[in-house]
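Enquirer: Read in order, the letters of the sequence shown correspond to residues 96 to 443 in the working numbering.
A virtual CB, placed ideally from N, CA and C, is assigned to each residue, including glycine.
The structure under discussion is supplied below as structure tokens; questions concerning it will follow.
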Amino acid sequence: MRGRSVLATARVATTFAGTIIGAGFASGQELLQFFVVYGGIGLVGVALAGALFAWLGSRVLELGFRLKATGYHQLLYYVCGKKVGLLLDIIIATFLFSVLTIMLAGAGTVFRDSFDLPFIAGIILLAILVTAIALRGVAGITTANMITTPILAIAIVGTSIYSLAYHDFQFDFLNIPADHASFPAPHWLLSSLLYVSYNLVMGTTVLAPLGAATHSRFSRQLGSILGGIILAALGCMVSIAVMLHYPSIMTEEIPMLYISSIQHCISGNIYTAMFIIAMFTTALASLYGCASKLAAASSLKFQYCVFIVIGLSLIFSQVGFANLINILFPVFGYATLWFLIKLIFSKA
Numbered sequence: 096m097r098g099r100s101v102l103a104t105a106r107v108a109t110t111f112a113g114t115i116i117g118a119g120f121a122s123g124q125e126l127l128q129f130f131v132v133y134g135g136i137g138l139v140g141v142a143l144a145g146a147l148f149a150w151l152g153s154r155v156l157e158l159g160f161r162l163k164a165t166g167y168h169q170l171l172y173y174v175c176g177k178k179v180g181l182l183l184d185i186i187i188a189t190f191l192f193s194v195l196t197i198m199l200a201g202a203g204t205v206f207r208d209s210f211d212l213p214f215i216a217g218i219i220l221l222a223i224l225v226t227a228i229a230l231r232g233v234a235g236i237t238t239a240n241m242i243t244t245p246i247l248a249i250a251i252v253g254t255s256i257y258s259l260a261y262h263d264f265q266f267d268f269l270n271i272p273a274d275h276a277s278f279p280a281p282h283w284l285l286s287s288l289l290y291v292s293y294n295l296v297m298g299t300t301v302l303a304p305l306g307a308a309t310h311s312r313f314s315r316q317l318g319s320i321l322g323g324i325i326l327a328a329l330g331c332m333v334s335i336a337v338m339l340h341y342p343s344i345m346t347e348e349i350p351m352l353y354i355s356s357i358q359h360c361i362s363g364n365i366y367t368a369m370f371i372i373a374m375f376t377t378a379l380a381s382l383y384g385c386a387s388k389l390a391a392a393s394s395l396k397f398q399y400c401v402f403i404v405i406g407l408s409l410i411f412s413q414v415g416f417a418n419l420i421n422i423l424f425p426v427f428g429y430a431t432l433w434f435l436i437k438l439i440f441s442k443a
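In structure tokens form, the structure reads like this:
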């Protein structure tokens, strides 16, 4: 591959992975709720999710390129039609705004609890950062993800390997019992589909315009495959780390932060910083998706829409983090399952 193709592929892979590896993924809470509760078979679900991300992510990128998409809404209406597309559009916009406000509140909580700073300080700092990057559009988002994704990956791998080493690389975790009371879906296969469904919709907010901006078909496809591999590998590592501390880990709101903290105070501080980065990537994708939708639905410039959305989110940023993962994410997964099905059978 030529230098430009390598760079374009890296941009797609890191942006794809970075958009999915948000706060829910990095915290371990998301993987705990959708995979670990099913026991050892949950790891098969993680691998399946990675394969689906690689395949369907490439379809989103291809459609984004073909439609010259500026946001998720164009692809949504193309895949689902006007009536269903309109309904899902409203649901997605509401979900993105909810996620953005919760990420801001989460930043305030982390800064207050970990650094003894005022709650509002964390909220304002994250709001300023995501606003500055979102104003630069897709170029700013891809550049940010090329920096943050490797950092997130290193922190996740380090914490997971340390946990395995501490437990003498025993694989008893594969035999942990399933927690039927905590199942987000009746079967682990459906849970995997729900996980891919809502995450892919979240990713589409960035992947659709990224596909339009990536002219090399080879880079779009290879970048998507690499992104899926990264997600599957890191997902398995997080799941294993959580399984090693199961079932006591069930009561922790941020499992991976708890695991890193009991390893060493330094590793705990490092993972805290990493978790803030994860909240940043999630908030950035949500802000960009909301702003692009508002710009498309109104006559306002995109830059003005960014300020409107972030301003409103500052007002509503008062919801707990675990509530997002346990309640909102599964509901959103069911609501967007039709998009996943239509995307599979769409002409890309």
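Cβ of L423 within 9 Å of Cβ of G145?
Expert: Numbered from its first residue, the sequence shown carries residue 423 at position 328. Numbered from its first residue, the sequence shown carries residue 145 at position 50. Cβ distance not < 9 Å, so L423 and G145 don't count as in contact.
Enquirer: Tell me whether M374, by its Cβ, gets closer than 8 Å to a heavy atom of the ligand GTP.
Expert: Although the ligand GTP was asked about, the structure shown includes no ligands whatsoever.
Enquirer: Compute the Euclidean distance between the alpha carbons of F402 and D274, then round it to the nearest angstrom.
Expert: Locating residue 402 in the sequence shown gives position 307, where the first residue counts as 1. Locating residue 274 in the sequence shown gives position 179, where the first residue counts as 1. Their Cα atoms are separated by approximately 43 Å.
Enquirer: Which class does I361 belong to by DSSP, given the choice of helix, strand or coil?
Expert: In the sequence shown, counting from the first residue as 1, residue 361 sits at position 266. Helix at I361.
Enquirer: Around the Cβ of T244, are there at least 16 other Cβ atoms within 10 angstroms (buried) or fewer (exposed)?
Expert: If you number the sequence shown from 1, residue 244 lands on position 149. The residue in question, T244, is buried, as its Cβ has 16 or more Cβ neighbours within 10 Å.
Enquirer: Among M241, A380, E157 and S356, whose alpha-carbon lies nearest the alpha-carbon of N294?
Expert: Taking the sequence shown and counting its residues from 1, one reaches residue 294 at position 199. Minimum Cα distance to N294 is reached at A380.
Enquirer: By the DSSP assignment, the alpha helix (DSSP H) with H340 in it spans what residues?
Expert: On the sequence shown, residue 340 is found 245 positions in, with the first residue counted as 1. H340 -> no alpha helix (DSSP H), and no H or E assigned at all.
Enquirer: Output needed for L432: all residues of its chain with C-beta closer than 6 Å, excluding positions within five of it in sequence on either side, in chain order.
Expert: In the sequence shown, the residue the question calls residue 432 occupies position 337. So the qualifying residues of the chain are S292.
Enquirer: Does D267 come out as helix, strand or coil in the three-state DSSP assignment?
Expert: The residue you call residue 267 lines up with position 172 of the sequence shown. Here D267 sits in helix by DSSP.
Enquirer: Where does T226 land, buried or exposed, given buried means 16+ other C-beta within 10 angstroms?
Expert: Here residue 226 refers to the residue found at position 131 of the sequence shown. Classification of T226: buried, given that the 10 Å Cβ count is 16 or more.
Enquirer: When the Cα atoms are used, what is the spatial distance from S287 to F129?
Expert: Counted from its first residue, the sequence shown places residue 287 at position 192. Counted from its first residue, the sequence shown places residue 129 at position 34. Approximately 7 Å, taken between the alpha carbons.
Enquirer: If we count the other Cβ atoms within 10 Å of its Cβ and call it buried at 16 or more, is G176 buried or exposed?
Expert: Taking the sequence shown and counting its residues from 1, the one referred to as residue 176 is at position 81. With fewer than 16 Cβ atoms within 10 Å of its Cβ, G176 is classed as exposed.
Enquirer: Quick one: is D267 buried, meaning 16 or more other Cβ sit within 10 Å of its Cβ, or exposed?
Expert: In the sequence shown, the residue the question calls residue 267 occupies position 172. Answer is exposed; the Cβ neighbour count stays below 16.
Enquirer: Taking C-beta to C-beta, are P279 and V174 nearer than 9 Å?
Expert: As a working note, residue 279 is residue 184 in the sequence shown. As a working note, residue 174 is residue 79 in the sequence shown. No, they are not a contact pair.
Enquirer: Once DSSP output is grouped into helix, strand and coil, what is the label at I116?
Expert: By 1-based counting over the sequence shown, the position of residue 116 is 21. I116 falls in the coil class under three-state DSSP.
Enquirer: Kindly indicate which three-state DSSP category S387 falls into: helix, strand or coil?
Expert: Against the sequence shown, residue 387 aligns to sequence position 292. Residue state, collapsed to three classes: helix.
Enquirer: Note down the Cα distance separating H359 from L329, rounded to an integer number of angstroms.
Expert: Sequence index remark: in the sequence shown, residue 359 carries index 264 (1-based). Sequence index remark: in the sequence shown, residue 329 carries index 234 (1-based). Going from the Cα of H359 to the Cα of L329 covers about 21 Å.
Enquirer: Going by beta carbon distance, what residues of the same chain come within less than 7 Å of P350, once the five residues before and after it are set aside?
Expert: For the purposes of this step, residue 350 is taken as residue 255 along the sequence shown, with counting starting at 1. Answer for P350: S122, G123, Q124, L127, V337 and I344, listed in chain order.
Enquirer: Based on Cα-Cα distance, which residue from R315, R154, V141 and S362 lies nearest to I439?
Expert: Indexing the sequence shown from 1 puts residue 439 at position 344. Among R315, R154, V141 and S362, the Cα nearest to that of I439 is on R154.
Enquirer: Find the nearest neighbour of T299 within the set P425, I223, V139 and T377, judged by alpha-carbon distance.
Expert: Stepping through the sequence shown from its first residue, residue 299 is reached at position 204. Ranking P425, I223, V139 and T377 by Cα distance to T299 puts T377 first.
Enquirer: With 16 as the cutoff for other CB atoms within 10 Å, does T104 come out buried or exposed?
Expert: The residue labelled residue 104 in the question sits at position 9 within the sequence shown. By the 10 Å Cβ count, T104 comes out buried.
Enquirer: What number of angstroms, rounded off, separates the C-alpha of I219 from the C-alpha of N270?
Expert: Working through the sequence shown from its first residue, we reach residue 219 at position 124. Working through the sequence shown from its first residue, we reach residue 270 at position 175. If I take the Cα positions, the gap works out to 44 Å.
Enquirer: Tell me whether L182 is buried or exposed, calling it buried when 16 or more other Cβ atoms sit within 10 Å of its Cβ.
Expert: Within the sequence shown, numbered from 1, the residue matching residue 182 stands at position 87. Its Cβ having fewer than 16 others within 10 Å, L182 is exposed.
Enquirer: In the structure shown, what three-state DSSP assignment does A250 receive?
Expert: Position 155 of the sequence shown holds residue 250. A250 falls in the helix class under three-state DSSP.
Enquirer: Looking at L156 and Q316, is the spacing between their C-beta atoms short of 9 Å?
Expert: Taking the sequence shown and counting its residues from 1, one reaches residue 316 at position 221. Taking the sequence shown and counting its residues from 1, one reaches residue 156 at position 61. Cβ atoms of Q316 and L156: closer than 9 Å.
Enquirer: Short of 8 Å in beta carbon distance, which residues of its chain neighbour M374, apart from the five on each side in sequence? Order them along the chain.
Expert: Here residue 374 refers to the residue found at position 279 when the sequence shown is read from its first residue. Once the five neighbours on either side are set aside, the close Cβ partners of M374 are G117, A118, M198, G201, A202, V205 and L221.
Enquirer: How would you write the range of the alpha helix (DSSP H) that S209 sits in, first residue to last?
Expert: For the purposes of this step, residue 209 is taken as residue 114 along the sequence shown, with counting starting at 1. K177 to F210 is the span of the alpha helix (DSSP H), which, as asked, contains S209.
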